[in-house]
Amino acid sequence: MATTITAERIDAELPQTQCGKCGHDGCRPYAVAIVEGEAINRCPPGGEATRDRLAKLTGQPPLELIEPAQTPLLAVIREAECIGCTKCIQACPVDAILGAAKQMHTVIEFECTGCELCVAPCPVDCIDLVEHPQWAGAENEVEQQRYLDWRAGNGRQRFEARKRRLAVKAEEKRRRRERRAAAARAPAEASTKAPAEVSNEAQPQPAAIDVTALKAQRATLTARRKRLQRQLDKADETQRPALLERLAGFDDQLAAIDRQLESTSSSRESAAPAHRHIAVAAAEQAMRKARQELAHFQRKGDQAGIAQAQDKIHEAERLLSLANQSPATSPADSAGNDHGTTS
C-alpha cells in the first residue's frame, strides 16, 4: 500500500454506520486498520461500491465481501412494548434514540444509521429493522448516493460528538467521586493530621463499578463477537488468522467484564444482611419484567418465549420468597414486609 494513503482518506470512503461488523469499534478504527494492511472486504453496509473504491485507493484485490451487502436500515421501536430500560440508548453509537429510564423510547429517523447495535441489548425484543425510508424513497441512483453521502457525514459527526460527550461525562463523574471521597476523609483526618498533611497524603478512592454500563457493554461485545464468528465461518485460510486474533480479543474483553461483574456481585452478597430492602425491590422488578415479557410473547404466539417467561416468573417468585424470609430481617423490616436485599 502506498505510504501516502492516510486513515482520513480511507475513512472518507466508509459508510459511517459505526456498526462494528468489520470487527472494530467504528469506521475510523477500521480505516486505521486498513492503512496497516487489513483486508478491505469487511464492510457489509458499504457493499461492493465501497470495496471497489477502497481497492483503487489501496491497491488491494477486491475480495468477496465477508457478508452480503446490506441496504440502509432504520431501527423502529415498538413503543407500546418498550419498558424504558435505556439499554438501546447506551448502545447507540450516534445518539439517535430518545428516552429516559422507565419511559418510552423512540428512534430519530434522520439520525439512525441502521447499525443494529440497539437490537441485541433489548430485553423484550421490541426493536425492528426496516429499510430506511429515505433510501426506499429515492427515485434513482443519484438520489440514493446523495442520501448515502449525507448519512456518512452526519453519522461521523454524531459519532465524534457522542465520544466527546461521554468523555466529558466520565471526567465529571471522576471529579465528583474525588470530591465526595475528600469530603468523607476530611473529618477523620483532621483530628490526627495537620491540613497540609491531609492535602499531601489524600488519595482518590477507587471508582465504583457501573454495573448497568458493564452489562450494556457486554451485550454489545457479544453481538459483535457473534458477527465476527459468522465472518470466521465464511473466511478462507488467508483471512482466518486475523479473524481468530480479533475473536480472542473479544473473548479477553468479555472475560474481563465477567470478572468485574462477578466481583461486584460478591461484594454485594457480603453486604446483603445490611441492605435487605434491596432484594425485595429487585425480585419485584424481575417479576414485573418477566410478566411484561410473558405478555409480549403471548401477543406474538411464541410458545418457547412464553415458557421462558413463565420460568422467569417462577424464579422471581422464589427470590421474592427468599428475600422476605431472610434471617437478617429486623423487627422493623418484618413489620413493613415490603423491602429486602439483592440476591
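Count the sequence shown with the numbering used here and you get residues 1104 to 1446, in order.
C-beta: ideal position from N, C-alpha, C; glycine also.
- By how many angstroms is the C-alpha of P1290 removed from the C-alpha of L1331? Walking along the sequence shown from the start, residue 1331 turns up at place 228. Walking along the sequence shown from the start, residue 1290 turns up at place 187. When rounded, the distance between both Cα atoms is 53 Å.
- Task: Indicate, with yes or no, if the ligand GDP has a heavy atom lying under 7 Å from the CB of R1131.
- Result: As far as ligands go, the structure on display features none, and thus does not contain the ligand GDP.
- DSSP three-state call for E1234: helix, strand or coil? For the purposes of this step, residue 1234 is identified with residue 131 of the sequence shown, where counting begins at 1. Here E1234 sits in strand by DSSP.
- Message: Once the 5 residues before and after V1222 are set aside, which same chain residues still bring their CB inside 6 Å of it?
- Response: As a position in the sequence shown, residue 1222 is number 119, starting the count at 1. Taken in chain order, the residues that qualify are I1230.
- Task: Find the nearest neighbour of E1151 within the set L1168, A1142, G1187, K1276, judged by alpha-carbon distance.
- Result: In the sequence shown, the residue the question calls residue 1151 occupies position 48. That would be L1168, whose Cα lies nearest to the Cα of E1151.
- Item | Beta-bridge partners of L1176, as assigned by DSSP | Numbered from its first residue, the sequence shown carries residue 1176 at position 73. Answer is E1234.
- Query: Excluding sequence positions up to five away, which residues of its chain have a Cβ less than 7 Å from the Cβ of Q1121?
  - Reply: For the purposes of this step, residue 1121 is taken as the residue at position 18 of the sequence shown. Result list for Q1121: G1129, C1130, P1196, V1197, T1216, C1218, G1258, F1262, in chain order.
- Task: Select from A1194, R1343, Q1411 the residue whose C-alpha is nearest the C-alpha of R1145.
- Result: As a position in the sequence shown, residue 1145 is number 42, starting the count at 1. For R1145, the nearest C-alpha among the options comes from R1343.
- Which of helix, strand or coil DSSP assigns to V1210: Working through the sequence shown from its first residue, we reach residue 1210 at position 107. Residue state, collapsed to three classes: strand.
- Query: What are the boundary residues of the alpha helix (DSSP H) that T1325 is part of?
  - Reply: Translated into positions along the sequence shown, residue 1325 becomes position 222. Start and end: 1314-1337.
- Query: CB-CB under 7 Å to E1182, same chain, minus the five flanking residues each way: which ones, in chain order?
  - Reply: Along the sequence shown, one-based indexing puts residue 1182 at 79. Around E1182: M1207, T1209.
- Item | T1153 classed as buried or exposed, judged by whether at least 16 other C-beta atoms fall within 10 angstroms | As a first step, residue 1153 must be located in the sequence shown, where it is residue number 50. With 16 or more Cβ atoms within 10 Å of its Cβ, T1153 is classed as buried.
- Taking the alpha-carbon positions, what's the E1212 to P1226 distance? Position 109 of the sequence shown, counted from the first residue, corresponds to residue 1212. Position 123 of the sequence shown, counted from the first residue, corresponds to residue 1226. Cα to Cα, the separation comes out at about 22 Å.
- Query: Considering only the beta carbon of each residue, do L1176 and H1235 sit closer than 8 Å?
  - Reply: Within the sequence shown, residue 1176 is the residue found at index 73, counting from 1. Within the sequence shown, residue 1235 is the residue found at index 132, counting from 1. Against a cut-off of 8 Å, the Cβ pair of H1235 and L1176 comes out as a contact.
- Backbone CA spacing between E1274 and A1203 [nearest angstrom]: Mapped onto the sequence shown, residue 1274 falls at position 171. Mapped onto the sequence shown, residue 1203 falls at position 100. Distance between the alpha carbons of E1274 and A1203: 22 Å.
- Message: Strictly by DSSP, which residues pair up with L1201?
- Response: Taking the sequence shown and counting its residues from 1, the one referred to as residue 1201 is at position 98. Answer by DSSP bridge pairing, in chain order: T1209.
- Message: Count Cβ pairs between the segment 1350-1368 and the segment 1318-1338 that sit closer than 8 Å; are there 3 or more?
- Response: yes
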